[in-house]
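Heads up, the thing below is written out as structure tokens.
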Amino acid sequence: MKTIFKQSVFAGTLAALLSMHSIAFAAGAPPAAAAPAEEKKPVQILFTNVNIFDGFSDKLQNNMSVLVEANYIKEVGKKVNAPDAYVVDGGGRTMTPGLIDMHQHVMLNPPEGTASYRTKWDGAAGGAYAQHHLMNNILLKGITTVRDIAGDPLDIAKAIDMGQLPGPRIYSSGGSISQTGGHGDWAGRNVPPEILAGKIDMSQRTQNTWVVDGTDEVTKAVRLNLRRGAAFTKIMGGGGVASEFDPLEIMGLASDEVARAVEISADNGTYVATHAYHDASYNRLMDLGVRSFEHGFLVSEPTVKRMASMGEEVVWSFQCFMSVNTFGDYDAMPAFFTHEQKLKGVAVGKGARNASKLMNKHNVFTIGGSDMFGIPFVEMIKQDITCNVDAGYTPAQALKHWTGNAGKVLKWSGPKDPYPTYKLGTIAEGAYADLLLWDGNPLEDIKLILDESKLHLVMKDGLTYKNTLVGVDSPIYKPAKAPPTRGQYPL
Ligand SMILES: [Zn+2]
Numbered sequence: 059m060k061t062i063f064k065q066s067v068f069a070g071t072l073a074a075l076l077s078m079h080s081i082a083f084a085a086g087a088p089p090a091a092a093a094p095a096e097e098k099k100p101v102q103i104l105f106t107n108v109n110i111f112d113g114f115s116d117k118l119q120n121n122m123s124v125l126v127e128a129n130y131i132k133e134v135g136k137k138v139n140a141p142d143a144y145v146v147d148g149g150g151r152t153m154t155p156g157l158i159d160m161h162q163h164v165m166l167n168p169p170e171g172t173a174s175y176r177t178k179w180d181g182a183a184g185g186a187y188a189q190h191h192l193m194n195n196i197l198l199k200g201i202t203t204v205r206d207i208a209g210d211p212l213d214i215a216k217a218i219d220m221g222q223l224p225g226p227r228i229y230s231s232g233g234s235i236s237q238t239g240g241h242g243d244w245a246g247r248n249v250p251p252e253i254l255a256g257k258i259d260m261s262q263r264t265q266n267t268w269v270v271d272g273t274d275e276v277t278k279a280v281r282l283n284l285r286r287g288a289a290f291t292k293i294m295g296g297g298g299v300a301s302e303f304d305p306l307e308i309m310g311l312a313s314d315e316v317a318r319a320v321e322i323s324a325d326n327g328t329y330v331a332t333h334a335y336h337d338a339s340y341n342r343l344m345d346l347g348v349r350s351f352e353h354g355f356l357v358s359e360p361t362v363k364r365m366a367s368m369g370e371e372v373v374w375s376f377q378c379f380m381s382v383n384t385f386g387d388y389d390a391m392p393a394f395f396t397h398e399q400k401l402k403g404v405a406v407g408k409g410a411r412n413a414s415k416l417m418n419k420h421n422v423f424t425i426g427g428s429d430m431f432g433i434p435f436v437e438m439i440k441q442d443i444t445c446n447v448d449a450g451y452t453p454a455q456a457l458k459h460w461t462g463n464a465g466k467v468l469k470w471s472g473p474k475d476p477y478p479t480y481k482l483g484t485i486a487e488g489a490y491a492d493l494l495l496w497d498g499n500p501l502e503d504i505k506l507i508l509d510e511s512k513l514h515l516v517m518k519d520g521l522t523y524k525n526t527l528v529g530v531d532s533p534i535y536k537p538a539k540a541p542p543t544r545g546q547y548p549l
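Here this note's numbering is used: position 184 in the sequence shown is 242, and no number is missing along the way.
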């Protein structure tokens, strides 16, 4: 058991004190023993004796202290003076920022994946699956933020931000923007055309995807997403594996449709992310101002060099585990894939090994996103990070893809950023208090992040969701009312 005390006033367990911290937020009430003069002071927690991975550096900063005030990091240093803080002795553990999965589809967890909403599941079931995994397989495993990149969990995000459901921060694109027969056309082959065009098949009715043709329809769909709180726009710029009508080689949206999506997004201060695989689509999409490039497993060296030359204007989003491990192996692919989908996956798996070598060689600005949804994949998301190391990146690079770099890209949402006040993905003054404590050093042994018993503390927004520092056998989950960071809803 680790000692924690409020500067010679309190002695007690971390659980008790952090619980009090939550209550303090919920009720605006002070810790019980606080003097009236202190009542309005925000709660402070001082972590001492931690070795920090700051989200960017190749090395840990040893024996540091981190002062959390309310929901943000107020100070990081060798010696931090905070006489009113609750003190948590980190015991030499490694502290990292909360992990950020930059490619999630939280609404696609029912067993049939993208085909779930054809006939088998409604939006309520999709939401129930989402909430279960957001808590148990995402937040409690240390992933404190997801970029949800096609799908509409925006009201789940709202409930999380109101402190009424537990879960990570969610930056969502809302429904993907796809042409008829594109990667986001998830309706069955024989769905009547007027149902598809009328956007009343269940995939569109639940607003998880939009099947649009022409610039007017693109305008409408992008604006509908942004109206509901989408932080960016996801378009389908080429063929895909997990869809039925689109060979990998095809282009997705037409040029004027892409340009319109970029224009409306830019008018709202945010950016466009695209699904695409090959040179033709990547280059056209770069010409048109798209910034976040998912997949790209069939691109060649000149395209990679072009991306590198653009610095941090564009980013490559690497889905390592699904492309290299799962798509590389016909038999390992999701059971709901058809034979044709599995053949496409095999081609992608082969290309992914080559693409990641090229991106690494040319030092392309890179983030990591699992694209892992549906059982069993959603249960092993962090294997995407360790896969980065298997693919040739260092452990520090792999973690940087999932923390520091991810936090930079999230800020591309500008005025549509649902968490605009502080930085994300880093341990630094003025960052949100999304913090993890690990038993061991993941820069030396990246695989330790897969062992949940080595993850001793999960803090999101200054509130503790998992805590084994006090010696309890099971994670302590605390339903906590978060501070009103989202800004766009009346909390
Ligand atoms: Zn995806």
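All C-beta atoms, glycine included, are put in the ideal place defined by N, C-alpha and C.
As the structure is a prediction and not an experimental result, all values here were calculated from the model.
* To do: List the DSSP bridge partners of Phe351.
  => Phe351 is bridged to Thr332 and Trp374.
* Measuring alpha carbon to alpha carbon, tell me which of His514, Ile258 and Pro476 ends up nearest Ala215. => Cα-wise, what sits closest to Ala215 is Pro476.
* Do you know whose CA, among Asn121, Ile103, Leu192 and Ser301, lies nearest Gln162's CA? -> Comparing Cα-Cα distances from Gln162 to each of Asn121, Ile103, Leu192 and Ser301, the minimum goes to Leu192.
* Select from Leu311, Gly209, Ser414 and Val373 the residue whose C-alpha is nearest the C-alpha of Ile228. => Measuring from the Cα of Ile228, the nearest candidate turns out to be Gly209.
* What whole-angstrom Cβ distance do Val373 and Arg342 have, given they're in contact under 8 Å? -> With a beta-carbon spacing of about 17 Å, Val373 and Arg342 fall beyond the 8 Å limit used to define contacts.
* Which class does Ile439 belong to by DSSP, given the choice of helix, strand or coil? -> Ile439 falls in the coil class under three-state DSSP.
* Taking the alpha carbon of Pro478 as the point to measure from, which residue in Ala489, Thr484 and Asn525 has its own alpha carbon closest? -> For the residues Ala489, Thr484 and Asn525, the minimum Cα distance to Pro478 belongs to Ala489.
* According to DSSP, which residues form a beta bridge with Gln162? -> Gln162 is bridged by DSSP to Asp206.
* To do: Tell me whether Asp243 counts as near ligand 1, meaning its Cβ is closer than 6 Å to at least one heavy atom of that ligand.
  => At a threshold of 6 Å, Asp243 does not count as near ligand 1, since its beta carbon sits no closer than that to any of the ligand's heavy atoms.
* Which class does Met430 belong to by DSSP, given the choice of helix, strand or coil? -> Of the three classes helix, strand and coil, the one that applies to Met430 here is coil, per DSSP.
* Asked: Does the distance from the C-beta atom of Gln561 to that of Asp142 stay below 7 Å?
  -> In the structure as shown, the chain begins at 59 and stops at 549. Residue 561 is therefore absent and cannot be evaluated.
* Asked: Mapping DSSP to helix, strand and coil, what is Arg318?
  -> Of the three classes helix, strand and coil, the one that applies to Arg318 here is helix, per DSSP.
* Regarding Val204 and ligand 2, is the C-beta to nearest heavy atom distance less than 6 Å? -> This structure does not include ligand 2; its bound ligands are ligand 1.
* Comparing alpha-carbon positions, which option in Asn120, Ala331, His353 and Ile201 lies nearest Ile507? -> When each option's Cα is compared against that of Ile507, the closest is Ile201.
* Among all the DSSP beta bridges, which residues are the ones paired with Glu133? -> Checking the DSSP bridge columns, you'll see Glu133 partnered with Leu125.
* With a threshold of 6 Å, establish whether the CB of Asp429 neighbours any heavy atom of ligand 1. => Here the distance from the Cβ of Asp429 to the nearest heavy atom of ligand 1 is below 6 Å.
* Asked: Is Ile534 helix, strand or coil when you go by DSSP?
  -> The predicted position of Ile534 is uncertain, since its pLDDT is 35 and thus under 50; a value taken from the coordinates is nonetheless stated next. In the structure shown, Ile534 falls within a coil segment according to DSSP collapsed to helix, strand and coil.
* Which same chain residues, not among the five before or five after Thr267, have their C-beta less than 7 Å away from its C-beta? -> Non-local beta-carbon contacts of Thr267 in its own chain, meaning distances under 7 Å to residues more than five positions away in sequence, involve Ala208, Gly233, Ser234, Ser236, Gly242, Trp244 and Ser261 in chain order.
* alpha helix (DSSP H) containing Ser471: first to last residue? -> Annotation: Ser471 is outside any alpha helix (DSSP H) and is labelled neither H nor E by DSSP.
* Name the two residues that bound the continuous beta strand (DSSP E) containing Asn421. => For Asn421, no beta strand (DSSP E) run applies, since DSSP gives it neither H nor E.
* Asked: Got a sec, what are the start and stop residues for the alpha helix (DSSP H) Arg285 sits in?
  -> Unbroken alpha helix (DSSP H) run through Arg285: Thr273 to Arg285.
* Asked: Along the chain, where does the beta strand (DSSP E) that runs through His514 open and close?
  -> For His514, the uninterrupted beta strand (DSSP E) segment begins and ends at Leu513 to Lys518.
* Just the Cα atoms here: how many angstroms apart are Ile439 and Val204? -> Computed Cα separation, rounded: 11 Å.
* Can you say whether Pro552 is buried or exposed, counting buried as having 16 or more other CB atoms within 10 angstroms of its CB? => Given a span of 59 to 549 for the chain in the structure shown, any question on residue 552 remains unanswerable.
* Asked: With 16 as the cutoff for other CB atoms within 10 Å, does Lys458 come out buried or exposed?
  -> With 16 or more Cβ atoms within 10 Å of its Cβ, Lys458 is classed as buried.
* Asked: Looking at C-alpha atoms only, which residue of Asn107, Ala312 and Thr396 is the closest neighbour of Asp274?
  -> Among Asn107, Ala312 and Thr396, the Cα nearest to that of Asp274 belongs to Ala312.
* Measuring alpha carbon to alpha carbon, tell me which of Asp259, Ala491 and Val124 ends up nearest Thr177. => Out of Asp259, Ala491 and Val124, Asp259 has the C-alpha closest to the C-alpha of Thr177.
* Asked: If you follow the alpha helix (DSSP H) that Leu506 is part of, which residue opens it and which one closes it?
  -> DSSP places Leu506 outside any alpha helix (DSSP H), giving it a letter other than H or E.
* **Spatial distance of His79 from Ala188 (CA atoms)** => With a pLDDT of only 37 at His79, under the threshold of 50, the placement of this residue in the model should not be trusted; the figure read from the coordinates follows. Cα to Cα, the separation comes out at about 28 Å.
* Asked: By how many angstroms is the C-alpha of Gly149 removed from the C-alpha of Phe111?
  -> Note on geometry: alpha-carbon atoms of Phe111 and Gly149 lie some 15 Å from one another.
* Asked: Between which two residues does the beta strand (DSSP E) harbouring Gln102 extend?
  -> DSSP places Gln102 inside the beta strand (DSSP E), whose first and last residues are Gln102 to Ile110.
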